[in-house]
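These protein sequence lines are chains A and B, in that order.
Each number in our numbering corresponds to the 1-based position in the first sequence with 11 added.
Each number in our numbering corresponds to the 1-based position in the second sequence with 524 added.
For each residue, glycine too, the CB sits at the ideal point set by N, CA and C.
From a predicted model like this one, the values you see are computed outputs, not experimental measurements.
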Amino acid sequence: MKFYVRRITFYLVTLWAAISLNFFIPKLMPGNPADIFRENLLRQGGEITPAMEQTIQLLFGSPDDSLWEQYTRYWSNLLQWDLGVSTTKYPTPVTELLAEALPWTLVLVGTATVIAFVLGVGLGAWAGWKRGTWVDSLIPGSALLQSIPYFWLALVLVAVFSVNLGWFPIIGGYSAREFRAGPEMSWAFVSNAAFHAILPAATIVISSVGGWLIGMRNMMVATLSEDYVTTAEAKGLKPSRVFLTYATRNASLPSLAGFTITLGFVVAGSIVMEQVFSYPGIGKLMITAVTQKDFALMQGVFLVITLTVLAANFVMDIFYGLIDPRARQNV
Amino acid sequence: MSDIDLTPSAGADVGSPATEAARPTLSGPPQRGGVKAFLPRLTGKLAVGLFLTIGISLFAIIAPYVTQDPRNYDSDRFLPPSGAHLLGTNNLGADVLAQLAEGAAGSLMVGLVTGGIAIFLSLVFGIIAGYIGGWTDEVLSLITSIMLVIPGLPLIIVIAAYLESRSLIVIAIILGLTSWAGPAIVLRTQARSLRNRDYVAAARVAGERPHRIILVEILPNLLPLLAAQFLGAFIAAILAEAGLSFLGLGPSGSLTWGVMLNQAMAHNAFQVGAWWWFVPPGLLIALFGCGLSLINFSIDEIINPKLRNAPAAVKSVRKARKAGAEVASSATPKEA
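Right, dumping it as structure tokens:
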């Protein structure tokens, strides 16, 4: 019980820290972000309407209020799920844009991460089992895969498979020509979207599988030299049983515990990757916001990414506590 | 985070050289003592890693003096590789090889500075937390865990977007400030395990001051781990800088591999098939990262002797089995 209380407290504190960070970053920056924001808006030919002024004050605080008043107002707006109005897609609320984009990224990154995890841990377990053979030469290859920038791989995949061979669509999350009205709930649309997701998903899987593979392989090698594995072999257990229940099961624990660090890489990589494919997800939204200096949208995206990553880690932590009793005692 | 104790590097103690040397191994190479125990053996992996890393570093240091002016736009645009331009020219007629050389210097500089900052902060947060323990540890590791869970690149993007002008060094500092948490957690676990060793306890009883214990007794034992974490931070920094520059948030006015890729994307190098422009920067990032990782694996094998001895042991068992089978097969005809 103490384990769960501690974990939940930790995530609440982190949540508070992340949201406060989101509030304080514009305040800590040199120059006055509110003025830069107004200038940019005027330069783009926009005008500052009362609603817009309200968004600016929501974001940067009105100049007469104390920092504390701004901070509490920020929280109360946040709790009412009010993140301001986007300037690029004026006057759409930021929350609406986020709700449109989030499912695309969640499905794409979620599926690709699960595939990469299963593939990487599976191959890693096998490579560890076959240690000291030709399989060891997989390691330099995985190290290379791990170091390829996501966006570059995405660009190369597009250049080869979409531009040269013409097998896959170049950009987008679905065919805008066939589905003019936007996303719909039909089989034709889902299969079209899945087809568009093949290259983006392949990018994530190829670049992240190496990390899982190497981590799992090294842990597997270490586990296989434990005494209990030798004992199991000496008892004459079938190799498949030693492999699965004795070695793989124990060796995969750190891969699960190290989920946080790897997930961070995947999220970071897929933000940049979405730009290459013009994928209609959170990453592209963030890049649009950044290039257009749409600060309300940008901070909304940062908040949503942070919350999603926190939630994924929380689920993973609780799950880890369930399968590894040592984690629960070791608080 | 409480479950950190189970990470791979934590499972393997940085054994003091003495205990490691005393452990008998199955047919491993002869044990080395003293300083040599800290140096990796020259294996194929390490040789390839060193070759890639040193080769690309030398390219970054020497090539800018040898190649043409990266900002000379007199040549024709989109020339494929030829004798005059070994890697062709880009959309403005600049020599791609020259740009690659200057970009190398920029990218590696960001990597070095970021790695340095990240390691310094991880030492402060990791070792002090691990050694002192108590409330200091609670607070420092809470900050570390929070920084670990908050996704780094989105945070960097947000910060970079608010900065109107960004120099190479500013980018490196931002990257360093956001990437120390992973190494800090690994170092803390190790420092915690070291502080309970007898020789550290002896030093404490002998009245040595905490900073002396940390610097003289604990830090030397963490060197391999520290080196591994530094190389990891170095790779991550180069990748992050490339991503940031690719989004147009990189250093303004400087040239790095990421900036080159950004320009290649913006000017349709991928659509017109100007592979000589977009393949080299990405490939160099991947090869340099691969080289550093391979060096890192060799360091891992010092930190965790099992990684080194187990494959060797399996090999020797296989050899013995083969030899046994040969003896048996040569013996059977006689029995028949």
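What does a CB cutoff of less than 6 Å around S776(B) pick up in its chain, not counting 5 residues either side in sequence? For S776(B), where only same-chain residues beyond five positions count, the Cβ hits under 6 Å are S689, R690.
Just checking: is the beta-carbon of T748(B) within a distance shorter than 7 Å of some beta-carbon in chain A? Per the sequence shown, residue 748(B) should be read as Pro rather than Thr. No, P748(B) does not count as interfacial toward chain A.
Looking at chain B, is there any beta carbon in it that lies within less than 7 Å of the beta carbon of L155(A)? yes
Got a sec? Which residues, its chain only, sit under 7 Å from L156(A) by beta carbon, not counting five neighbours each side? Cβ within range, chain order: I217, S218, V220, G221.
Short of 6 Å in beta carbon distance, which residues of its chain neighbour G552(B), apart from the five on each side in sequence? Order them along the chain. Here G552(B) scores only 45 on pLDDT, less than 50, and its place in the model should not be relied on; the value that follows carries that caveat. Answer for G552(B): N833, A836, listed in chain order.
Taking 6 Å as the cut-off, is the CB of S77(A) close to at least one heavy atom of the ligand GTP? Absent from the structure shown: the ligand GTP. Ligands present: none.
Counting only C-beta atoms, is T823(B) closer than 7 Å to chain A at any point? The question names Thr, but residue 823(B) in the sequence shown is Ile. No, no contact with chain A.
Am I right that S840(B) and K569(B) are in contact with their C-beta atoms under 8 Å? What's the rounded C-beta distance? Between K569(B) and S840(B) the Cβ distance is about 19 Å, and since that is not below 8 Å, they are no contact.
Pick from A810(B), A757(B), L616(B), L679(B): whose alpha carbon is nearest that of P151(A)? The shortest Cα separation from P151(A) among A810(B), A757(B), L616(B), L679(B) belongs to A810(B).
Where does P588(B) sit, in a helix, a strand or coil, going by DSSP? P588(B) sits in a helix when the DSSP states are folded into three classes.
Excluding the 5 residues flanking A844(B) on each side, which residues of the same chain have their C-beta closer than 6 Å to its C-beta? none
What's the gap between the Cα of Y589(B) and the Cα of R595(B)? 14 Å
Answer yes if the segment 637 to 647 of chain B comes into contact with the segment 784 to 793 of chain B, meaning at least three C-beta pairs across the two stretches below 8 Å, and no otherwise. no
Local Cβ density within 10 Å of M12(A), reported as buried at 16 or more and exposed below that: Around the beta-carbon of M12(A), fewer than 16 other beta-carbon atoms lie within 10 Å, marking it exposed.
Cβ-based neighbour list, L109(A), same chain, cut-off 8 Å, excluding 5 preceding and 5 following: L94, I293, L296, G311, V312, V315
CB contact check: M12(A) to chain B, cutoff 7 Å: no
Residue span of the alpha helix (DSSP H) that contains P817(B), given as start and end: Reading the sequence as shown, one finds Ser at residue 817(B) and not Pro. Run containing S817(B): 799 to 827, per the alpha helix (DSSP H) assignment.
My output table needs one value for T144(A): the three-state DSSP class, helix, strand or coil. The answer is coil: DSSP assigns T144(A) none of H, G, I, E or B.
Cβ-based neighbour list, G535(B), same chain, cut-off 7 Å, excluding 5 preceding and 5 following: Residue confidence is low: G535(B) scores 38 on pLDDT, short of 50, so the model does not pin down where it sits. No coordinate-derived value is stated.
Among F270(A), L308(A), T319(A), D328(A), whose alpha-carbon lies nearest the alpha-carbon of S97(A)? L308(A)
Excluding sequence positions up to five away, which residues of its chain have a Cβ less than 7 Å from the Cβ of D824(B)? A752, L831
Output needed for A618(B): all residues of its chain with C-beta closer than 7 Å, excluding positions within five of it in sequence on either side, in chain order. Non-local C-beta neighbours of A618(B) in its own chain, meaning closer than 7 Å and more than five positions away in sequence, comprise P594, R595, N596, Y597, ordered along the chain.
Can you find the residues in the same chain that come closer than 8 Å, C-beta to C-beta, to T9(A), ignoring five residues on each side of it along the sequence? Residue 9(A) lies beyond the residue range present for chain A, which begins at 12 and ends at 342; the question has no answer from this structure.
Range of the contiguous alpha helix (DSSP H) that encloses N786(B): 781 to 790
Which residues of chain B have a Cβ atom closer than 9 Å to the Cβ of I59(A), listed in chain order? Those do not exist, as I59(A) stays about 20 Å from chain B at its closest Cβ, beyond 9 Å.
Within the continuous alpha helix (DSSP H) that includes Q91(A), where are the two ends? Note, Q91(A): premise wrong, no alpha helix (DSSP H); not H, not E.
Quick check on D593(B): does DSSP put it in helix, strand or coil? Here D593(B) sits in coil by DSSP.
Range of the contiguous alpha helix (DSSP H) that encloses P744(B): 743 to 770
Note down the Cα distance separating Y655(B) from R716(B), rounded to an integer number of angstroms. 6 Å
Chain-order list of residues whose beta-carbon lies under 8 Å from that of S263(A) (same chain, five-residue window excluded): V132, A136, M227, M230
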